[in-house]
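Input: a single structure, listed below in structure tokens.
Residue numbers (our numbering), protein chains in the order written: chain A, 1 to 414; chain B, 415 to 828.
Here it is, written out as structure tokens:
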């Protein structure tokens, strides 16, 4: 089954809003075995929607459209689809009741505009939206499927998981797809490619190797599509082993995991704890850890010592160390890591201090220089990096490096 | 001038990577006055690239393609384009020298694969890439333009700003585009739409109103396109005033700013400082503030007290308050805000404590409940919210609410 995902909204085409829905849907469809051939963002005009759907239905069996289902005048997806499929709007009582109930619960007044949300196409299958007022709609035409979902991310996700994917599983027969990712630290893309030259030549037709470089790490992905699920699985596994052995002298991790996963697993299993002391990364490391649930078993928290004074008051870094070595220095990073370890009692700590840019404060180091310290129950290690510019790259790279350094220390203990 | 942006890469179609390039380019093109008619992500096969370009060149005058310019075997964009435009690859000496220099500076070995990066199409205009090894390429054909850029975000951005946009400005004559955004807090989409019914009917053809709802806030956007720049600017301004007056009883902010900008402006101008004490938001508020440069003038930092023990040791929250009211409570939020104010000496502080989910710890409050406290030089205010589920929505909404609450306190003082 081939699919196309269409996102409707001028706010995307003028760059005001970042489309995260497409990636989420792409991943869900991939796991199901649906081949996504394109994702497209188009304007919320009738012409753009009609021509977008025309084209997508020509190349795909399944088209999922998001956006434009709100109650306001700029939301025209529903009306356009009803016309496109020669359908008509009728009042859907169960949806009306569920919308009214939502307004009752939240103590909000119910209006005609809200009632319009219950006017739905007669021939489409209506997909109830537990988290909002815009129902999903499933149109069928000439053996093809077009599904319209709201653009609000958590509403779309709820509808996909509860309504769309279970139904797709029933109607489709999917060839098996599989992929496995290997994460390399400290190896550039071109160096990896040279080491893999022979390996790539031996790959069978149905397995592809992709290089996904990002600041500080390189992911290698083996992807396969085959009707024979067992053959596919075994092949990916065996070529994966060969790939791992090519990099036996480097740091390579199997699976689309990063060091943060290794850290989480080790700390949780061994009842150890982690705390952070961030200067230049400004909370980014803590936010990354706490973006996932289930981290309270090992993550205590820590200090964001953005201003130099907090390094002294909250972390116990000595003023003379700062005066002697400047705030961006190995000595300060070390005292920060030990300071937060002492204050929180954490088994492991991470500390960062650096010049993220675009300009430097009064330090002796250049733009892009970051010191990262890791304190373990036994010792402290500090490394100096020059991540260059721009700022966003420095912050991202410092975050990845910090997890890498901690991961390596932990792997040494295993 | 109409444009299409094409992102090449299987990693996007299987949902492994989030495409942030398209939004960034969309915004830059919009500011220049280019009308972006679509953004498309396609597979990195020759067939997909050729058919994607065919289609884009049929509907747009300018096509910008990103991705697939790396040195490895899965990178085929350059070879596909050279064939598509009947061009041929020749060695580009200045690019070769610049790549060699980059390797020298970083102390890395230079290989044939790297040299391949300097083999570039003879007839295309070569755009030097200061931040990487993949040069940009500008093809012209039948009055249309196709530009190929690397997919690494900061390399693409550098090439756009330094090479692509300055050249586009010279060749295009663009109709003026303008937009202004108004941010509303505490008003739902359907309520806003009813209040704006008359307003919408009076809008001229060349101005459109869009509703952009997100958890906790609603953005309204007036967009206009017109050959007459002055007429356009005046019209947007005057309809903007009318729109503002419709919401005079609510919190409405002109400009695509959020409270975080108001906070930053006020604190900087008045030499006041801010510190944070985050429990459930886990560093997200600090990370949002420090993602921008120039915040060190007012942002001191703070504490991520994810584990309850850190609330006591680092923030001075009393154990009896936690035992009596539980960790998710008005009393604890208040003591956290005052605690971080005392520890850091900040003029203003933000504190959060709540049940982000998916499960609750030992608290008396339900899933999704968050207490947010704001301490000012004069007082502390605390509010209780129920943001429901899922976790990502709770965290996002708590962050936005925190900036809104602080912004409101600050606006009261102005």
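For each residue, glycine too, the CB sits at the ideal point set by N, CA and C.
Every value quoted in this text rests on a predicted model; they were computed, and no experiment measured them.
Which class does residue i belong to by DSSP, given the choice of helix, strand or coil?
i: residue 1 of chain A; result: coil
i: residue 185 of chain A; result: strand
i: residue 292 of chain A; result: coil
i: residue 538 of chain B; result: coil
i: residue 558 of chain B; result: strand
i: residue 111 of chain A; result: coil
i: residue 801 of chain B; result: coil
i: residue 359 of chain A; result: coil
i: residue 587 of chain B; result: coil
i: residue 428 of chain B; result: coil
i: residue 371 of chain A; result: strand
i: residue 604 of chain B; result: helix
i: residue 197 of chain A; result: helix
i: residue 517 of chain B; result: helix
i: residue 7 of chain A; result: strand
i: residue 465 of chain B; result: helix
i: residue 334 of chain A; result: helix
i: residue 779 of chain B; result: coil
i: residue 203 of chain A; result: coil
i: residue 213 of chain A; result: strand
Residue i touches chain C at which residues, Cβ-Cβ below 8 angstroms?
i: residue 23 of chain A; result: Absent here is chain C; the protein component of the structure consists of chains A and B.
Quick check: the Cα distance between residue i and residue j, rounded to an integer number of angstroms?
i: residue 782 of chain B; j: residue 108 of chain A; result: 19 angstroms
i: residue 697 of chain B; j: residue 720 of chain B; result: 9 angstroms
i: residue 704 of chain B; j: residue 310 of chain A; result: 15 angstroms
i: residue 364 of chain A; j: residue 325 of chain A; result: 8 angstroms
i: residue 686 of chain B; j: residue 818 of chain B; result: 18 angstroms
i: residue 529 of chain B; j: residue 547 of chain B; result: 9 angstroms
i: residue 714 of chain B; j: residue 355 of chain A; result: 16 angstroms
i: residue 176 of chain A; j: residue 565 of chain B; result: 29 angstroms
i: residue 793 of chain B; j: residue 106 of chain A; result: 30 angstroms
i: residue 443 of chain B; j: residue 197 of chain A; result: 39 angstroms
i: residue 62 of chain A; j: residue 674 of chain B; result: 41 angstroms
i: residue 230 of chain A; j: residue 168 of chain A; result: 23 angstroms
i: residue 437 of chain B; j: residue 637 of chain B; result: 17 angstroms
i: residue 727 of chain B; j: residue 195 of chain A; result: 51 angstroms
i: residue 809 of chain B; j: residue 598 of chain B; result: 20 angstroms
i: residue 286 of chain A; j: residue 691 of chain B; result: 13 angstroms
i: residue 366 of chain A; j: residue 387 of chain A; result: 10 angstroms
Taking the CB atoms as reference points, tell me whether residue i and residue j lie closer together than 8 angstroms.
i: residue 689 of chain B; j: residue 760 of chain B; result: yes
i: residue 127 of chain A; j: residue 154 of chain A; result: no
i: residue 766 of chain B; j: residue 710 of chain B; result: no
i: residue 339 of chain A; j: residue 316 of chain A; result: yes
i: residue 440 of chain B; j: residue 454 of chain B; result: no
i: residue 11 of chain A; j: residue 510 of chain B; result: no
i: residue 764 of chain B; j: residue 745 of chain B; result: no
i: residue 486 of chain B; j: residue 562 of chain B; result: no
i: residue 572 of chain B; j: residue 665 of chain B; result: no
i: residue 538 of chain B; j: residue 575 of chain B; result: no
i: residue 409 of chain A; j: residue 376 of chain A; result: yes
i: residue 702 of chain B; j: residue 554 of chain B; result: no
i: residue 422 of chain B; j: residue 458 of chain B; result: yes
i: residue 451 of chain B; j: residue 417 of chain B; result: yes
i: residue 400 of chain B; j: residue 634 of chain B; result: Residue 400 of chain B cannot be examined here, being either before or after the span of chain B that is shown, 415 to 828.
i: residue 416 of chain A; j: residue 89 of chain A; result: Lying outside 1 to 414, the shown extent of chain A, residue 416 of chain A is not represented and no answer is given.
i: residue 639 of chain B; j: residue 620 of chain B; result: yes
Fully enclosed by the stretch 54-92 of chain A, which beta strand (DSSP E) runs are 3 residues long or longer? 62-66 and 89-91
For the stretch 478-497 of chain B, which residues have a beta carbon sitting closer than 9 angstroms to at least one beta carbon of chain A? 484, 485, 486, 487, 488 and 489
Using a Cβ-Cβ cut-off of less than 8 angstroms, give me the residues of the stretch 295-310 of chain A that come near chain B, in sequence order. 295, 296, 299, 300, 301, 302, 303, 304, 305, 306, 307, 309 and 310
Sequence ranges, alpha helix (DSSP H) only - wholly within the stretch 691-746 of chain B, length at least 4: 698-704, 722-727 and 733-739
Complete runs of the beta strand (DSSP E) confined to the stretch 227-266 of chain A [at least 3 residues]: 251-254
Taking any Cβ of chain A, which residues in the stretch 599-630 of chain B have a Cβ under 9 angstroms from it, in chain order? 602, 603, 604, 605, 606, 607, 608, 610, 611, 614, 622, 623, 624, 625, 626, 627, 628 and 629
Select from the stretch 806-820 of chain B all residues with a C-beta closer than 9 angstroms to any C-beta belonging to chain A, and list them in chain order. 806, 807 and 809
Positions along the stretch 727-743 of chain B whose CB lies within less than 9 angstroms of some CB in chain A: 727 and 728
For the stretch 576-592 of chain B, which residues have a CB atom closer than 7 angstroms to at least one CB atom of chain A, in sequence order? none
Give, in chain order, every residue of the stretch 436-466 of chain B whose Cβ lies closer than 9 angstroms to some Cβ of chain A. 436, 437, 438, 439, 440, 441, 442, 443, 444, 445, 449, 450, 451, 452, 453, 454, 455, 456, 457, 458, 462, 465 and 466
Which residues, in chain order, does the stretch 365-383 of chain A contribute to contact with chain B at a C-beta distance below 7 angstroms? none
In chain order, what residues of the stretch 149-162 of chain A put their CB closer than 9 angstroms to some CB of chain B? 152, 153, 154, 157 and 158
Along the stretch 524-549 of chain B, where does the CB come closer than 7 angstroms to a CB of chain A? Name the residues. 525, 527 and 528
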